[in-house]
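These protein sequence lines map, in sequence, to chains L and F.
Here the numbering used here = 1-based position in the first sequence + 719.
Here the numbering used here = 1-based position in the second sequence + 136.
This report refers to the structure that appears directly beneath it.
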Amino acid sequence: MLIFELSKRGRRNGAQALRRTGELNAIPAAQRRSSHMLLPEVSELDAVRHYTNLSRKNFSIDTQFYPLGSCTMKYNPRACNALAMLPQFLARHPDAPAATGQGLLACMYEVQEMLKDVTGMAGVSLAPMAGAQGEFAGVAMIRAYHEARGDALRTEMLVPDAAHGTNPASAVMCGYTVKEIPTDADGNVNLAALKSAVGPQTAGLMLTNPSTLGVFERTILDMQQIVHGAGGLLYYDGANLNAILGRVKPGEMGFDVMHINLHKTFSTPHGGGGPGAGPVAAAAKLAQYLPLPQVALDAGTYRLQDERDRPQSIGRLSAHLGNTGVLLRAYIYMRLLGREGMRRVAEYSTLNANYLMSELSKCGFEIAFPTRRASHEFIVTLKGLKEQTGVMAMDFAKRLLDKGIHAPTTYFPMLVPECLLIEPTETESKQTLDQFVVAMKEILAEARTNPELVKTAPHTMPVRRLDDVKAARELDLAWRERGS
Amino acid sequence: MPYIPHTNEDVATMLAAIGVTRIDDLFDEIPPALLSAELGKIPSGVSEMDVTRLMQERAERDGRWLNFIGAGAYEHHIPAAVWQIATRGEFYSAYTPYQAEASQGTLQLLYEYQSMLTSLTGMDVTNASLYDGASALAEAVLMAVRVHKSAKRVLMPATVHPVYRKVVHTIVRDQGIELIEVPYCTDCGHVIPEALRPYEGLDFAALVIPQPNFFGVLEPVDELTAWARANNMLSIAVVNPTALALLRPPGEWGADGADIAVGEGQPLGVPLASGGPYFGFMACRNQYVRQMPGRIVGRTVDRDGKPGYTLTLQAREQHIRRSKATSNICTNQGLAVTAATIYMALLGPDGLTEVAQSSHSNTLKLAQLLCALPGVKRVFSAPVFHELVVRLPAPAAAVLDALRSDGILGGLALTEDYPELGDALLVCATETKNDEDLARYAESLARILKQHPQQ
C-alpha cells in the first residue's frame, strides 16, 4: 500500500501544526498556488508505521550479510552516526563564519591530513559529493594540467575494459574521447595494447588497482612508465582502496590524482544509494588544481579557502563544503580505527576474500582467475553451470535472497560471463562466511536437481521477479489521484 | 580490534584453508617495493568512549546561534520521527536498490518521493534525486543542451545563487558549454524581460529562471518562460520546495510550464549540517525523461501480477551505457531523500503550507522591524518569499561581527558577490523564529548601529 492510499482529505498530523503562521502575506495573487499538492494527509502514527514497515522490506548490512562486490558493504558503526548528528553539528549553517565552526573544521582538516597519508598524495579536497564527482574532478584536473602547459593535443582518456562505467562517463563529461584497453587472460591490463595505445594524444589512464576483477595489477610500475613516458597522467579510481589500505599508497604506485569512496573504505553508510563522498587527492604537480573549498589551518585557526587562495583550482562542485555529515562520519571511523586499525582493514578483508574463494573453489565453483590471489574480492563464473543447467548468475543471485543473503554483484565486470563478484569485507566473521558457503553449496545442488526452483527465485521476498520490460515501456513514475 | 570479529583460532584455520602461513603471504602479488606504507600522520585508534568525548567537545565549541542566514540552506523544524526512521539500519545501511526484490522498501519510498515532488513542482516526472541544488542545475544545463541539440549557450541570470553559477561553470565548461550572464534590475531585484532583448532570435539552449531568486525576490516567471519558448530555448526552473506550497509551481508557468525544474531539497527535513549531505531534485516534461540523468524508479508488476517497484530506464545510466551515458552520476542522495519523504508525509499539504506562510510572514515582520531603524532600508521593491535584502548604514562585515557577539548570525553579506548593492545583507526568518527572536535581532542591531557612525 502506498502512503497516498492511507491519506484522507482533512486529516492532520496535529503535532506538526503551527500555532502561529503569521498574518503578513505579500505574495501577488497571480503568483499564488491554487493547485492541490499531492502530499499525504495522514496521522503521525500512520506515517511512522508505514515507513517503519517499508524499511522492513529492505535487505541491509544491519540485517543481512551483503557480499556485494565492488561496493565494500562493511559494518557502519553506530557511533559514527550518533556523533555526526550531535545537535550543534546539525544546526550549523554552511555560511556561518568559520569562527563558529572551529570544532567541525578541525575534523575536516584532520580528514584531509589523514587522507593525504593513506593515499601518499600531496593535497586533498573534500568537495566531491560522490565517487563519480571525485572522478569528474580528477579528470578535470588532468585537463587543467595539460591546458596550463599548452598541451592541447591530448584529447584521449584510456580506460581498461574492466573499469567501472563511471570512468568512461566521467572522461566524456570532461570533453575527452575514451579508448578502451583490453585485459589479459590472467586479469591484468594488456601491456602490449597499452603500449600501442599511448601517444601524444593521451591525456591519461584511469585505473582501479586492485582491479574490478579482484586482482592486483602486478605490472603497475611498467604501466606507470608507459603512460608517464608518453606524457599522460595516471588516475587512480579509489573504489578498491579497502584492499590495500595501510599497505600500499596510490601515490607510491605512481598515480597523479585519485578519488576515495568514503562510503566504501571509510564505512560511511550507503543509505539506499547515497549520500556518499568522493574526496579527491593529488600529487604535488596537480594539487593546485584541486576543487574548492579546502580547509586551511592558519596560525591555529581553521578556515575555508576560496578562489583568492587557489586561483588555479578547477572550481566548485557543490554549493558548500561537500557532504559534510558524511565526512564527519568518516572522521570518527578513522579515529576509532587509527593507524593500526586501518592496516587491519586491508589484512582482514583480504583474508576473508581469499578464504571464501578457496572454500568455494573446494566445493566446485569455478573461480574466474584461479591462479591469482584475491584482493578483497574475487569472481566466480557460472558459465559452466549455465551450460549444464540453464541456471544463470542472476538466478543464483535471486536464490541467495531466499537464503537471507544479499546477492553478490552480478554481470559486472562485463568481460567475465555469468559472473558473481564477491566482496565479504573485514567486518564479517568466519561463521558468517561459512554460512554463505553452505548457502552457495545448497543452491549449486538445487541448480543440478531442481533448476526451476532457482530459475524462478526468489520465493520468499515481498515480491517475486519484477517485469522490468513493462516498467520501462509503460512508464509509471508517479502516483496520481484517481480521476486526475 | 574494532569491527573485526576474528579470533586467533579463526585466523589460523582460515590461513590453513587457503594454504598460506601468514596474512602477509596474501599480498605476495604486490611488488615488494610498494609494500612500505607507513601511516605516520594517523594517530593510534581510540575507544568509542574517548571519541565520543572528543566529538562532544568539538560540537560544544561550535555552539548554538540564533540564525538568520538563508542563502540556499534553510533552518526548518524537523519532526523527531524523520531521522529516527531514516536512520533505521534497514534504510541507513542498504545499498542502491539493484536487487529490487530485496529493496522494495527503498524503491517504494523513492516512488512515493517522486510522486510528491512531481505534484509539488507540477511537472510530469521526477528522478530519484541528484547530489544537491547546485549540481542539479549543472545537470539541467547539460540536459537542456542534449535536448536542444544545436545550441551550446545558456542564459544564466545574475539573480541565480552565485555559487550555483560557479558550480555550473565548473561542471559544464569542459564540454564547451557557455553561460551568458543576464543582468537584473537593481531597483526591483529581478530579471526584467527587456534585459533579454539582446538575445532574441539567437541560438541558446536554455534560460535559467530562479524562483524565488537568490535575493528572495519573485521573478516574473510567466513572462520569462514564455520568452524562452518564443525564442526556441528550454526553460530551466530553479525553485525552493517550501516556496512551492505558496507559489505557482514551474509546471504552471507561462502557457504550458517550464521544461525542467531543479532545486535544493534540503528545506524538506534535512538539517543544515554545515552544508551537507543535502539532495538535489530534478523534474521535467514526459518527453525529456530519457535525457534525464540519475536514478528513476518505476512501478511495475511481479511475475504473479502483484505491484512492485524497480529502477527503470537504466539504459541511460553509466553502468550500462558507459561513455554514452546521460551523466556519470552513480549514487543519488538516498538517505536525505528518505528523510524528505517522511518529512512531507508528516507535514502534509497543510503543514507545508503553514511552514511556507509562517516563514514568509516572519521575514516580512523582520524587515519591518529592521527597516524601522535609522538608515536601514529594503533594497528591492518586488515581492519576496522568505528572504530579502536590506542595506545597512554601516559596514556589513563589522555589523555581522558585532551581532555575533550577541549570539546572532544576522544574515549573509552580499558585498563580495554584489558590490553594486553596497552594505547589503541577505536575511531570512523561517517558521523557527518567534516574535522574541525577531525583536532580539532588531534590538541588537539598533544598539550596534548607534555605535557605528552613519556612512
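Ideal Cβ positions, reconstructed from N, Cα and C, are used throughout, including at glycine.
Extent of the continuous alpha helix (DSSP H) run through residue i
{"i": "threonine 1069/L", "result": "1043 to 1081"}
{"i": "methionine 1113/L", "result": "1112 to 1121"}
{"i": "arginine 457/F", "result": "454 to 457"}
{"i": "proline 1170/L", "result": "1170 to 1174"}
{"i": "tyrosine 954/L", "result": "Tyrosine 954/L -> not in any alpha helix (DSSP H); beta strand (DSSP E) instead, spanning 952 to 957."}
{"i": "glycine 875/L", "result": "One detail in the question is off: residue 875/L reads as glutamate in this sequence, not glycine. Premise fails: glutamate 875/L lies in the beta strand (DSSP E), 875 to 879, not in any alpha helix (DSSP H)."}
{"i": "glycine 842/L", "result": "Careful: glycine 842/L lies outside any alpha helix (DSSP H), inside the beta strand (DSSP E) at 842 to 844."}
Chain L residues whose Cβ lies nearer than 8 Å to that of residue i
{"i": "asparagine 498/F", "result": "Gly741"}
{"i": "proline 519/F", "result": "Ala745, Ile746, Pro747, Gln750"}
Partners in chain F for residue i, counting only beta-carbon separations shorter than 7 Å
{"i": "phenylalanine 935/L", "result": "Glu165, Ile166"}
{"i": "asparagine 1073/L", "result": "Ile154, Leu162"}
Cross-chain neighbours of residue i in chain L, by beta carbon under 7 Å
{"i": "glycine 325/F", "result": "Here the premise fails: no neighbours, minimum Cβ distance about 14 Å."}
{"i": "methionine 279/F", "result": "The premise fails here: methionine 279/F is roughly 13 Å from chain L at the closest Cβ pair, so nothing lies under 7 Å."}
Three-state secondary structure assigned by DSSP to residue i
{"i": "glycine 907/L", "result": "The sequence as given places asparagine at residue 907/L; glycine does not occur at that position. It is coil, neither helix nor strand."}
{"i": "phenylalanine 784/L", "result": "strand"}
{"i": "methionine 1133/L", "result": "coil"}
{"i": "proline 386/F", "result": "helix"}
{"i": "threonine 499/F", "result": "helix"}
{"i": "aspartate 1186/L", "result": "coil"}
{"i": "proline 994/L", "result": "coil"}
{"i": "arginine 576/F", "result": "helix"}
{"i": "histidine 305/F", "result": "helix"}
{"i": "alanine 1000/L", "result": "strand"}
{"i": "lysine 569/F", "result": "coil"}
{"i": "histidine 865/L", "result": "helix"}
{"i": "cysteine 321/F", "result": "coil"}
{"i": "glycine 1202/L", "result": "Low confidence applies here, because glycine 1202/L scores a pLDDT of 47, under 50, leaving its location unreliable and the question unanswered by this model."}
{"i": "valine 296/F", "result": "coil"}
{"i": "alanine 560/F", "result": "strand"}
{"i": "lysine 835/L", "result": "helix"}
{"i": "isoleucine 154/F", "result": "helix"}
{"i": "serine 1213/L", "result": "Because chain L in this structure spans residues 720 to 1203, residue 1213/L falls outside the shown range and cannot be described."}
Endpoints, beta strand (DSSP E) assigned at residue i
{"i": "cysteine 420/F", "result": "416 to 420"}
{"i": "glutamine 347/F", "result": "342 to 347"}
{"i": "glycine 241/F", "result": "That residue, glycine 241/F, is in no beta strand (DSSP E); its alpha helix (DSSP H) goes 240 to 257."}
{"i": "threonine 1100/L", "result": "1097 to 1100"}
{"i": "lysine 898/L", "result": "896 to 900"}
{"i": "glycine 923/L", "result": "921 to 926"}
{"i": "methionine 972/L", "result": "That residue, methionine 972/L, is in no beta strand (DSSP E); it is neither H nor E in DSSP."}
{"i": "proline 293/F", "result": "289 to 293"}
{"i": "isoleucine 1141/L", "result": "1138 to 1141"}
Per-residue burial, residue i [other beta carbons within 10 Å of its own, 16 or more giving buried]
{"i": "proline 385/F", "result": "buried"}
{"i": "methionine 150/F", "result": "buried"}
{"i": "glycine 484/F", "result": "buried"}
{"i": "asparagine 772/L", "result": "exposed"}
{"i": "glycine 857/L", "result": "buried"}
{"i": "histidine 755/L", "result": "exposed"}
{"i": "cysteine 799/L", "result": "buried"}
{"i": "serine 255/F", "result": "buried"}
{"i": "alanine 1176/L", "result": "buried"}
{"i": "glutamine 244/F", "result": "buried"}
{"i": "threonine 1090/L", "result": "exposed"}
Chain-ordered neighbours of residue i on chain A, where CB pairs are closer than 7 Å
{"i": "asparagine 468/F", "result": "Among the chains of the structure shown, chain A does not appear; the protein chains present are L and F."}
Neighbouring residues, chain L, relative to residue i (Cβ below 9 Å)
{"i": "tryptophan 363/F", "result": "Chain L residues near tryptophan 363/F: none, gap ~17 Å exceeds 9 Å."}
{"i": "tryptophan 201/F", "result": "Ala810, Arg811, His812, Ala815, Thr819"}
{"i": "tyrosine 554/F", "result": "What tyrosine 554/F touches in chain L: nothing, since even the nearest Cβ is about 15 Å away."}
Rounded Cβ spacing between residue i and residue j (contact assumed at less than 8 Å)
{"i": "leucine 926/L", "j": "leucine 953/L", "result": "7 Å"}
{"i": "alanine 341/F", "j": "valine 290/F", "result": "5 Å"}
{"i": "proline 329/F", "j": "proline 356/F", "result": "7 Å"}
{"i": "threonine 885/L", "j": "asparagine 464/F", "result": "5 Å"}
{"i": "leucine 1163/L", "j": "glycine 1083/L", "result": "6 Å"}
Proximal chain F residues relative to residue i, where beta-carbon distance stays under 8 Å
{"i": "isoleucine 780/L", "result": "Gly225, Ser229, Ala230"}
{"i": "glycine 894/L", "result": "Asp310, Gln311, Gly312"}
Neighbour list for residue i in chain F, Cβ cutoff strictly below 9 Å
{"i": "glutamine 1007/L", "result": "Per Cβ cutoff of 9 Å: no residues; glutamine 1007/L is ~15 Å from chain F at best."}
{"i": "serine 754/L", "result": "Ser255, Gly258, Arg384, Pro385, Gly387, Glu388"}
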